[in-house]
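So the structure is just underneath, and the comments pick up after that.
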Amino acid sequence: MAEAASLKVSVWRGGADGGFARYEVPARANQTVLDVVTHIQREIDPSLAYRFACRVGMCGSCAMTVNGRARWTCRTHVRKVVDADGALELRPLANLPVIRDLAADLAPFFDKWQRAKGSFQPKDAPDGAVPEEFAVVPPGSKARREADAGIECIGCAVCYASCDVVAWNPDYLGPAAMNRAWTLVNDVRDGARAERLEAVAGDAGCHSCHSTQSCTERCPKNLDPSSAIAGLKRTLFWDTLLGRR
Amino acid sequence: MSDTSQARRARGQTHLWVVQRVTAMLLAVAVTVHLVTIIGAVRGGLSAGEILGRLQGHEGWLIFYVVFALAAGLHGAIGLRAIAAETIGLRGRAADITWLAAGLATAAFGIRAAIGLYA
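For the record, the sequence lines run as chains A and B.
Under this note's numbering, the letters of the first sequence match residues 251 to 495, in that order.
Under this note's numbering, the letters of the second sequence match residues 371 to 489, in that order.
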C-alpha cells in the first residue's frame, strides 16, 4: 500500500459537546496511534488531554476510539488502521463521560465492578485474616479453568466501550465487571457466591446480554467476556429453576 | 433505590428471563409439530370438518395447543418487553405488569380457541 507522507488526524477536542480539530502529523515507519497523539501534544498543541502510562500494553490506560473502534492506542500500528489517504479519527472511549479531549471518565466503569461484587471474599477467613492452610485448587479442575480464562483482565474498558447493551441501558454492568464476577463465582476459595450471583442478575446484569460478542472480538487481551456472561446466565438459570436461590 | 428492592426486582427480571428460555424450548418443539401438522392438513384441502375431526374430543391435542398458546403468548410479550426497553427506554414495574398481562391475554385467546375446537 502506498503510504501518505503525512497523516490527516481528526481529534476530538472539548467535552461531550466538543468537536473535531484537524492536525497534520508526519507519517513514520512503525508509528503507533499513541505516537501520533503524543506528537500532536508535544509539537503542535500542548493543551491536548489524553491518558497513557506504560506504552507497552500492560496498563490499559491509553484506550481510545480509533476510526470508530475502541483500541489500545499503544498497541495499534497506524498502518493497520489508516487508509491510503492517511486519515485517522480519534475520539475518547464511547459509553463513558468525556472529561476533556481524548480522556474519558472511567469512574462509572469501575463503580460497576463494585456493584458486580468484583472483590474476593475469602471463605475461610471472613475477617480478612490469612487462613492457616493454603487452599488446594487443582489447576485442571473445571472451575479453575473457567476462572483462569478470565483472570488476565486489566480493566482497560475497551469491551465496555464496544458494548451495544451499555449504550442502550446505562445501568448495564458491562462485560468486564461480569467477566470479573464469573472468575470469582468459579473461585472455590470465595465465600460470596450467592450475593455475587444476585448482583449480576436481571436487566442491569447478565440477562440483558445479547451475546453479540463485540467484547470478545475487541478485547486486546483476547479474553472472552461473552462466554463469562453466558456462564453466569447458565448458573442463574439452573439455580432459579431448581430453587437454589 | 434500596438494596433489597433492587434485589427483588432483579429476581423478578431473572424469573422473566427463565420463563423466556423455557418457553423458547417448548416453542422449538411446538412450532415444529405445528408446521408439520399444517403441511399435512392442507394436502387435499382444508375444511372445518377436517379440523374438527382432528381436534374434537382429543385431549392430547387440547393439551398441546394450551401449552403452545401459553408459551407463545408469554414468549412474545417478554421478547417485546426487552425490545421496548432497549429501543424506546420503556422500563419499570408498570411496564412489566402490562407486558405480562398482554402475554397472558394473548395466551388466553389461543387457549379459548383450543378449548372451542376440543368441546
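Cβ atoms here follow ideal geometry from the backbone N, Cα and C, with glycine treated the same way.
Query, Result
"Boundaries (first-last residue) of the alpha helix (DSSP H) holding Tyr435/B", "429-458"
"Reduced DSSP secondary structure (H/G/I, E/B, other) of Gly481/A", "helix"
"Neighbour flag for Leu482/A against chain B, beta carbons, 7 Å", "no"
"Per-residue burial, Ile479/A [other beta carbons within 10 Å of its own, 16 or more giving buried]", "buried"
"Cβ contact (3+ pairs, closer than 8 Å) linking the segment 374-384 of chain A and the segment 274-289 of chain A", "no"
"Bounding residues of the beta strand (DSSP E) (the contiguous stretch that carries Tyr273/A)", "269-276"
"Minimum C-alpha distance to Arg329/A - residue among Ala266/A, Ser256/A, Gly400/A", "Ser256/A"
"Alpha-carbon spacing of Asn472/A relative to Ile481/B, whole angstroms", "49 Å"
"Residues within the segment 423-434 of chain B neighbouring chain A, beta-carbon criterion of under 8 Å", "none"
"First through last residue of the beta strand (DSSP E) which encompasses Met314/A", "313-316"
"Span separating the alpha-carbon of Val388/B from that of Leu340/A", "41 Å"
"Contact check, Ala417/A vs Asn345/A, beta carbons under 7 Å", "yes"
"Neighbour list for Val388/B in chain A, Cβ cutoff strictly below 7 Å", "Phe487, Thr490, Leu491"
"Under the three-state DSSP convention, the category Lys258/A falls into", "strand"
"is_contact[Glu420/B, chain A] using C-beta, thresh 7 Å", "no"
"Three-state secondary structure (DSSP) of Ala417/A", "helix"
"Under the three-state DSSP convention, the category His385/B falls into", "helix"
"Ser461/A burial status per 10 Å Cβ neighbour count (16 or more: buried)", "exposed"
"Cutoff 7 Å: Met251/A Cβ touching any chain B Cβ", "For Met251/A, the pLDDT reaches just 47, beneath the cut-off of 50, and the residue's location in the model is therefore unreliable, leaving the point undetermined."
"Nearest residue (CA-CA) to Met395/B, options Ile485/B, His445/B, Val436/B", "His445/B"
"Terminal residues of the alpha helix (DSSP H) in which Glu467/A lies", "464-468"
"Cys465/A versus Trp363/A - alpha carbon distance", "16 Å"
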